[in-house]
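Just so you know, we're using full-length UniProt numbering here: the sequence shown kicks off at 1 and counts up by one. Ideal Cβ positions, reconstructed from N, Cα and C, are used throughout, including at glycine. Some notes on the structure that comes next.
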Amino acid sequence: MPRLLPRFVRQRYAVKFALVLGAVTLAITLVGGYSYVHANALVGEDTQSDLVVNAEIQAQNLDGWLNRMEVQMRSISESAAFQSADSREINLYLWGVVERDSDIDAAYYIDTKNETVITSTGSAQIASATSVTDYYGRQDFTKLAQQSHGDVVVSDPFRPTADAAPVIIFATTIPDEPNRAVIVVSNLRSVSEAHLHHMDAGRFVVVDEENTVVLAEDHERVLTQDAIATDRYDDASGFVSGVELGDDATEVGYAKLDANDWVVTSRVPTAQAYTLRTSILTQILVTLLVVGGGAGLLAVTIGRDTVDAVETLASKANALRDGDLDTEIDRNREDEFGTLYEAFDVMRVSLRDQIAAAERARAAAIDAREEAWAEKEASERRRRHLEQTAARYGEVMRACADGDLAERIDPDDESRAMATIAHSFNDMMDDVRERNEQLTTVSHVLSHDLRSPLNVSVGRAELLADETDSPHLDPLIDSLERIDAIIDDAVVLALQRDVEDTLPATLSDVAQRAWRHVETDDGTLEIVEELRFDADPSLVAHIFENLFRNAVEHSSTDGRDSSPDEAVWVRVGPLDQRSGFYIEDDGPGIPADARERVLEPGFTTNRENGGTGLGLPIVKQVVDAHGWDIDITESADGGARFEFSEVCTGQCDSHDATSAV
Numbered sequence: 001m002p003r004l005l006p007r008f009v010r011q012r013y014a015v016k017f018a019l020v021l022g023a024v025t026l027a028i029t030l031v032g033g034y035s036y037v038h039a040n041a042l043v044g045e046d047t048q049s050d051l052v053v054n055a056e057i058q059a060q061n062l063d064g065w066l067n068r069m070e071v072q073m074r075s076i077s078e079s080a081a082f083q084s085a086d087s088r089e090i091n092l093y094l095w096g097v098v099e100r101d102s103d104i105d106a107a108y109y110i111d112t113k114n115e116t117v118i119t120s121t122g123s124a125q126i127a128s129a130t131s132v133t134d135y136y137g138r139q140d141f142t143k144l145a146q147q148s149h150g151d152v153v154v155s156d157p158f159r160p161t162a163d164a165a166p167v168i169i170f171a172t173t174i175p176d177e178p179n180r181a182v183i184v185v186s187n188l189r190s191v192s193e194a195h196l197h198h199m200d201a202g203r204f205v206v207v208d209e210e211n212t213v214v215l216a217e218d219h220e221r222v223l224t225q226d227a228i229a230t231d232r233y234d235d236a237s238g239f240v241s242g243v244e245l246g247d248d249a250t251e252v253g254y255a256k257l258d259a260n261d262w263v264v265t266s267r268v269p270t271a272q273a274y275t276l277r278t279s280i281l282t283q284i285l286v287t288l289l290v291v292g293g294g295a296g297l298l299a300v301t302i303g304r305d306t307v308d309a310v311e312t313l314a315s316k317a318n319a320l321r322d323g324d325l326d327t328e329i330d331r332n333r334e335d336e337f338g339t340l341y342e343a344f345d346v347m348r349v350s351l352r353d354q355i356a357a358a359e360r361a362r363a364a365a366i367d368a369r370e371e372a373w374a375e376k377e378a379s380e381r382r383r384r385h386l387e388q389t390a391a392r393y394g395e396v397m398r399a400c401a402d403g404d405l406a407e408r409i410d411p412d413d414e415s416r417a418m419a420t421i422a423h424s425f426n427d428m429m430d431d432v433r434e435r436n437e438q439l440t441t442v443s444h445v446l447s448h449d450l451r452s453p454l455n456v457s458v459g460r461a462e463l464l465a466d467e468t469d470s471p472h473l474d475p476l477i478d479s480l481e482r483i484d485a486i487i488d489d490a491v492v493l494a495l496q497r498d499v500e501d502t503l504p505a506t507l508s509d510v511a512q513r514a515w516r517h518v519e520t521d522d523g524t525l526e527i528v529e530e531l532r533f534d535a536d537p538s539l540v541a542h543i544f545e546n547l548f549r550n551a552v553e554h555s556s557t558d559g560r561d562s563s564p565d566e567a568v569w570v571r572v573g574p575l576d577q578r579s580g581f582y583i584e585d586d587g588p589g590i591p592a593d594a595r596e597r598v599l600e601p602g603f604t605t606n607r608e609n610g611g612t613g614l615g616l617p618i619v620k621q622v623v624d625a626h627g628w629d630i631d632i633t634e635s636a637d638g639g640a641r642f643e644f645s646e647v648c649t650g651q652c653d654s655h656d657a658t659s660a661v
């Protein structure tokens, strides 16, 4: 082997030693370079993984919050307070919601048709009803609610006024209440404080698809434009390296939400993100410098001991290069080689400990990712369970609405809120069923127990009229017949009979038949134009008979005499622009401030002449049972005009009737 070297090398020991030392130094450099590259890649990957996992966990938390707000909105819109349509009860209920839920700062109950706020509650400093509607514009404000169609919609973030807090709006319509909606307002600053987790050396920033900051720990950034373009977030989650934000480079992990178009970003300055990697690489470089210094020291120490020491170092270096970080290095020497040995051993121990720490960090990141996925699956399961529970509740509620008052909700013990809804609904239906049974009893008493003696009284009075000529007999018989008509009206109100079937009918047939059944004296019925429509024949007759009777009775109180020229005049005809018909008279009419109240049971403007306040409520019940609309206006002659719209005048399903009268 020595013969292979040039002669001047074989003859000079220093040259041979220098060659050996150079080879050893090269081996150490290779080992250090490999360790440098390996540590750089490993720690860098772990740092990026941590940022992405943090963003995914925060995104899952915000998904959970948005899902909770959606369930809360549906619970509010389907509550007993909103179904009652009582403004005071709704205001008290909304006040309770704002007080209980720290994520809701204000709530509004709105009329989407008239574009007005019916009632509102909450912090006016955050967002008053006026500031929100003025910012959006009243049409856009109500349009937001109308877009829901039974679902929950979320607005873009905005600031109602220049000095107001940034907010978002959750909106949904009220079931079975046309032109009614509920809207709640959330303060984005409060949401940021409550739902953005703390991250060491970094921060979370949430942006929407318009690149507007929605949530941030720094409140001044909310509603500002983010410096990072949203097109860089091209996957469901990922990492963006070296983003220039101001004067600093930043590492960014991101994750998109499932429940909204928001993106959660976890941001850490590059200098702080790779602190561990910098520490490891610095130690490696220091070690290499120490090795270089040791090599210079060895260069001036020529001898057998030096050669042996170099050979030993070479073997240890080869072992380290091959990845054997457990190889033993003698640290007992007290000369310069002892220092070099110690430097090698420090490098070996440091590399072993740092790589072990990196492996533990990687394992912890994997565990955190698995825990996050488990939490996401649990959240998804809870969401599905809530949807299934809501669907089950809805089926029972629809069954009760269809008349099956024996149906009850099985409370969901997994959700306290849903269980409370179930118990409240069951208690309500127990009350409804009890009242229904009471009404049935009352209707039975009216239609059987009371009608029998009344019929006997009428018969006796008629026999007495044949035997005796008394001026009191005609008023007596009229009163008994009035009592019989009142009983008919009360029974109709109490029984709430279903619309079982609808049949084709013509306006003239229904009107003329009802006109014959009412004492109209010398009144005149005019049918302007024919109209065909579908209705329950026995129920729709109550509309015409009650309105004809009202026209006759009220016309007798407006100063007319009993001559044919002064008799009541009634006109019936189809509506011009809508699907339906009208009934109007030339009587005294109904005052504008009483037109809504006349449809309430017991209210009458003709109490002194025997009015009971039952006729028009019966008309309203029949209209509701058919799914029609009713409007009360003034006729061209100053009398009362009743308009019935949304009437089926084409192909209709005659068996699709679920309402009751």
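Alpha-carbon to alpha-carbon, residue j and residue i
i	j	result
residue 663	Thr161	Residue numbering for the chain in the displayed model covers 1 to 661; residue 663 lies beyond these limits and cannot be assessed.
residue 695	Asp431	The requested residue 695 does not occur in the structure, where the chain is confined to residues 1 to 661.
Asp576	Val528	12 angstroms
Phe158	Val132	9 angstroms
Leu503	Gly587	32 angstroms
Val98	Ser75	14 angstroms
Cys648	Trp628	9 angstroms
Asp345	Ala236	46 angstroms
His385	Lys256	23 angstroms
Phe644	Ala636	17 angstroms
Gln58	Asp410	35 angstroms
Arg381	Ala422	21 angstroms
Where residue i sits in the DSSP three-state scheme
i	result
Val510	helix
Ala453	According to the sequence provided, residue 453 is Pro. The question's Ala does not apply to it. Correct three-state label for Pro453: helix.
Phe603	coil
Cys648	coil
Ala165	coil
Thr339	helix
Gly64	helix
Asp521	coil
Gln577	coil
residue 670	Lying before the first or after the last residue shown, residue 670 is absent from the chain, which here runs from 1 to 661.
Thr275	helix
His655	Only weak support is given to the placement of His655: the predicted model assigns it a pLDDT of 39, under 50, and the question is left unresolved by the model.
Trp569	strand
Gly253	strand
Glu177	coil
Ala106	strand
N-terminal and C-terminal residue of the beta strand (DSSP E) that residue i is part of
i	result
Tyr233	Careful: Tyr233 lies outside any beta strand (DSSP E) and carries neither H nor E.
Leu215	Val213 to Ala216
Pro269	Val263 to Pro269
Start-to-end residues for the alpha helix (DSSP H) that takes in residue i
i	result
Leu539	Pro537 to Ser555
Trp95	Ser87 to Arg100
Gly202	Taken as a continuous stretch (DSSP letters only), Gly202 belongs to no alpha helix (DSSP H), as it is neither H nor E.
Option nearest residue i by Cα separation, candidates the options
i	options	result
Ala107	Glu115, Asn114 and Thr119	Thr119
Ile618	Asp208, Leu599, Asp218 and Thr604	Leu599
Cys400	Asp234, Arg381, Phe425 and Leu386	Phe425
Val623	Ile543, Leu325 and Leu614	Ile543
Arg348	Trp373, Asp322, Glu371 and Asn332	Asp322
Glu634	Arg597, Gln621 and Tyr582	Tyr582
Gly22	Asp46, Arg221, Glu566 and Ala317	Ala317
Ile630	Arg578, Ala378 and Thr604	Arg578
Asn54	Asp367, Leu340 and Asp534	Asp367
Arg68	Asp404, Ser379 and Glu584	Ser379
Phe170	Gly202, Asp404, Asn260 and Thr250	Asn260
Cβ neighbour criterion (16 or more within 10 Å) applied to residue i
i	result
Thr468	exposed
Thr275	exposed
Leu26	exposed
Val264	buried
Lys113	exposed
Ser192	buried
Val456	exposed
Gln225	exposed
Gly122	buried
Ala372	buried
His655	Residue confidence for His655 is low, a pLDDT of 39 falling below 50, so the modelled location carries little weight; the figure read from the coordinates is stated next. Result: exposed.
Ser470	exposed
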